[in-house]
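K.L.:
Okay, here's the structure, questions in a sec.
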Amino acid sequence: MLSYSRGHAMVVLIVLLSSFAPFVAGQFQVAPTGAFAGLGLAATCESVLYQSINCHAYVLNLGQKVYHGSPGNKTFTDTICSPTCWTSLQTARRRIVGACTQTPDLFPGYPVLAMIDPVVSGWNETCLKDSDGGYCNAKIETFPEVEKIEDMPQAQLCSFCLGAKLQLMQSSPYSAYDQLHAERLEYINKRCGAGTGGSTSPLPPAIHPNGTTPDTCVSGNKYTVKNGDTCNSIAQTNAVSSSTLYYINPELLNCSAPDVGLQLCLPDKCETTYTVKEADDCVTIAIRAEGSAASSWQDLVAWNAGLDDRCSNIWSPSSSPRYWGNVICISAPGGLPSTPGTEPSNGNGNGTGNGNNGGPGGSGDGYADFPVPVPTGGTIAQGTTTLCGAWVQARSDSTCSSLIVGTAVPISLWLLANPSLRESVNCSKRLRVGSWYCLHPVRGFDTVPSSTSTTLSVSSTSTSSARP
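Positions -26 to -1, 1 to 442 (mature numbering (1 follows the signal peptide of the UniProt record, and there is no 0)) are the ones given, in order, by the sequence shown.
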């Protein structure tokens, strides 16, 4: 069902993030004071990252990589979209650009502008207006739901607001614009004679938390994409895992239609591959594959980089180009008993997992792409990293397992981000009621010096978090 009305995801994000500090009425900080101490930033650069933005605190939510619809009624939207707010955002960005020329990255692959540009992108998307002064989101949300874009009435399909909204999203690497949006924009341009003739493809991500791509290809086997190729077809032809193919090639942006001429590093071959079907799960696949070598579903995780620690992302619809495809290895790549450097999971998160941190759009490895301000109400656990994208607060009935269950956070990463918990054996006994713990640290958090603000106390009475 195609609908541009506000969804539950946006409502949830508002609830989760509305309590994050620091902000006062009509202001919020780009980052909490002291959050980047010790990272080696130039003094003036670090200072401007703590500057206040003269916008309603809700504007901080606009940095999330989601589809941004109307934030509320016209009065509230006017508050969000005030000229004062826009001027403050632009001024803050100019100051960051000017002060951070010598140290443009927080750490490798994470530009300092990523602290402000996602918010600017979300503000633009939220505050877009039609020629009559009306907000485009409000108009788009009155469009009736249709099964597919081809069913939209011509007047709505070719409206200024719908086309301009998608073009605005396409222009930012921080928006939720993906291949599905690209197909819609391309269709609108074709049917309505709109567009400038430029690309409708998603932009490459601005953040590269996995660092630079190695020049070497471990398997020694490379493949040049031809017209009509997909990740699945390449995997099937070369007897490799499409999951691993996507994982080890960060420049592979679209598995349904990879760029012709793109050179890919192929993973090690495996004797037996399997094409995952919609009803499959890792346990049933492993049972069927016993004769091929897989003795448990943990083997599948070990042999297919990109599957998360719980193998929860095994099914990837072919209609979603954001994903890696459906071909997996059910025997060891290269004939090895397990992938070198991979620690098998035991099904309870007690393993590192492979994660999805290689290709764009990956998720499920426990890491966050963006840090968020420290939460209010309680104290951050001693030693816990402040480079964190989601927090959880320990309650009297909390255990380490209850705090991370269903999040695809390996216990090893949980302990690394929260060193006061020490080891998994007595992890729950070391939880402190009321203390905040980092659930999803930003990738690379452990490669930079620790912030000096790890024991920062905050005083608001709010207790919301990414996971209650």
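Using N, Cα and C, we set each Cβ at its ideal position, and we do this for glycine too.
1) When we look at the beta-carbon of residue 31 and count the other beta-carbons within 10 Å, is it buried (16 or more) or exposed?
2) Can you list, in chain order, the residues of its chain with a C-beta nearer than 7 Å to that of residue 42? Leave out the 5 residues immediately preceding and following it.
3) If we ignore side chains and look at the alpha-carbon of each, how far apart do residue 47 and residue 59 end up?
4) For residue 22, tell me which candidate among 3, 346, 198 has the shortest Cα-Cα distance.
5) According to DSSP, residue 415 sits in a beta bridge with which residue or residues?
6) Could you have a look at residue 202 and say whether DSSP puts it in helix, strand or coil?
7) Tell me which same chain residues have a C-beta within less than 7 Å of the C-beta of residue 355, skipping the five on either side of it?
8) Determine the contact status of residue 225 and residue 240, defining contact as a CB-CB distance below 8 Å.
9) Taking the continuous beta strand (DSSP E) assigned at residue 302, which residues delimit it?
10) Reducing DSSP to helix, strand and coil, say where residue 10 ends up.
11) Using 10 angstroms around the beta-carbon of residue 247, count the other beta-carbons present and answer buried if the total reaches 16, otherwise exposed.
12) Mind checking which residues open and close the alpha helix (DSSP H) that includes residue 50?
13) Would you give the residue range spanned by the beta strand (DSSP E) that residue 248 belongs to?
14) Within the continuous alpha helix (DSSP H) that includes residue 191, where are the two ends?
15) Would you mind sorting residue 304 into buried or exposed? The rule is 16 or more other CB atoms within 10 Å of its CB.
16) Taking the continuous beta strand (DSSP E) assigned at residue 238, which residues delimit it?
17) Per DSSP, residue 196 forms a beta bridge with which residues?
18) Over the uninterrupted beta strand (DSSP E) stretch that includes residue 80, give me the two end residues.
19) Going by beta carbon distance, what residues of the same chain come within less than 7 Å of residue 249, once the five residues before and after it are set aside?
20) Quick one, are the C-beta atoms of residue 92 and residue 148 less than 8 Å apart?
21) Let me know the secondary structure DSSP gives residue 30 once reduced to three states.
22) Anyone know if the C-beta pair for residue 414 and residue 352 falls short of 8 Å?
23) Quick check: residue 199 and residue 242, are their CB atoms within less than 8 Å of each other?
24) Assuming residue 418 and residue 84 are in contact, meaning their beta carbons sit under 8 Å apart, how far apart are those beta carbons, in whole angstroms?
25) When you compare the CB positions of residue 444 and residue 77, do they come within less than 8 Å of one another, or not?
26) Looking at the strands, I want to know which residues DSSP matches up with residue 341.
27) Over the uninterrupted beta strand (DSSP E) stretch that includes residue 354, give me the two end residues.
28) Considering only residues of the same chain and omitting the five flanking positions on each side of residue 158, which have a CB-CB separation below 6 Å?
29) For residue 152 and residue 176, which I take to be in contact (beta-carbon distance under 8 Å), what is that distance rounded to the nearest angstrom?
30) On a CA-only basis, which of 196, 284, 306 is nearest residue 256? Give me that one, please.
31) Measuring only the C-alpha atoms, how far is residue -20 from residue 108?
32) Out of 245, 205, 214, which one is the CA nearest neighbour of residue 228?
33) Go ahead and pull the three-state DSSP assignment for residue 148.
34) What's the call for residue 261, buried or exposed, on a 16-neighbour Cβ count within 10 Å?
35) Suppose you measure from the CA of residue 346 to the CA of residue 211; what does that come to, to the nearest Å?
36) Where do the ends of the alpha helix (DSSP H) carrying residue 100 lie?
P.N.:
In this structure, then:
1) Per the 10 Å Cβ criterion, buried.
2) Excluding sequence neighbours, residue 42 sits near 36, 96, 99, 100.
3) Rounded to the nearest angstrom, the two C-alpha atoms are 18 Å apart.
4) Nearest C-alpha to residue 22: 3.
5) Note: residue 415 sits in a beta bridge opposite 362.
6) Residue 202 falls in the coil class under three-state DSSP.
7) Excluding sequence neighbours, residue 355 sits near 392, 394, 406, 409, 410, 411.
8) Against a cut-off of 8 Å, the Cβ pair of residue 240 and residue 225 comes out as no contact.
9) Where residue 302 is concerned, the enclosing beta strand (DSSP E) starts and stops at 301 to 303.
10) Here DSSP, grouped into helix, strand and coil, assigns residue 10 to coil.
11) Residue 247 is buried by the Cβ-count criterion.
12) Segment 48 to 54, the alpha helix (DSSP H) holding residue 50.
13) Where residue 248 is concerned, the enclosing beta strand (DSSP E) stretches over 247 to 249.
14) For residue 191, there is no enclosing alpha helix (DSSP H), as DSSP marks it with neither H nor E.
15) Counting the other Cβ atoms within 10 Å of the Cβ of residue 304 gives 16 or more, which makes it buried.
16) Its beta strand (DSSP E) spans residues 237 to 239.
17) Residue 196 is bridged to 239.
18) Segment 79 to 81, the beta strand (DSSP E) holding residue 80.
19) 300, 301.
20) Yes; because the gap between Cβ atoms is below 8 Å, this pair is in contact.
21) Looking at residue 30 - three-state DSSP - the assignment turns out to be coil, as it is neither helix nor strand.
22) Not in contact: residue 414 and residue 352 (Cβ atoms no closer than 8 Å).
23) Result no, Cβ atoms of residue 199 and residue 242 do not sit closer than 8 Å.
24) Contact between residue 418 and residue 84 holds, with the beta-carbon distance rounding to 7 Å and staying under 8 Å.
25) What the structure shows of the chain is the stretch from -26 to 442, and residue 444 is not part of that stretch, so it cannot be assessed.
26) None; residue 341 has no bridge partner.
27) Residue range 352 to 354 is occupied by the beta strand (DSSP E) that includes residue 354.
28) Correct list, in chain order: 123.
29) That pair is a contact at about 6 Å.
30) Closest by alpha carbon: 284.
31) Because the pLDDT at residue -20 is just 33, under 50, the model does not fix this residue reliably, and the point stays unresolved.
32) Restricting attention to 245, 205, 214, the CA atom closest to the CA of residue 228 is found in 205.
33) Three-state DSSP puts residue 148 in coil, outside helix and strand.
34) Classification for residue 261: exposed.
35) Approximately 43 Å between the Cα atoms of the pair.
36) From DSSP, the alpha helix (DSSP H) with residue 100 extends over 91 to 101.
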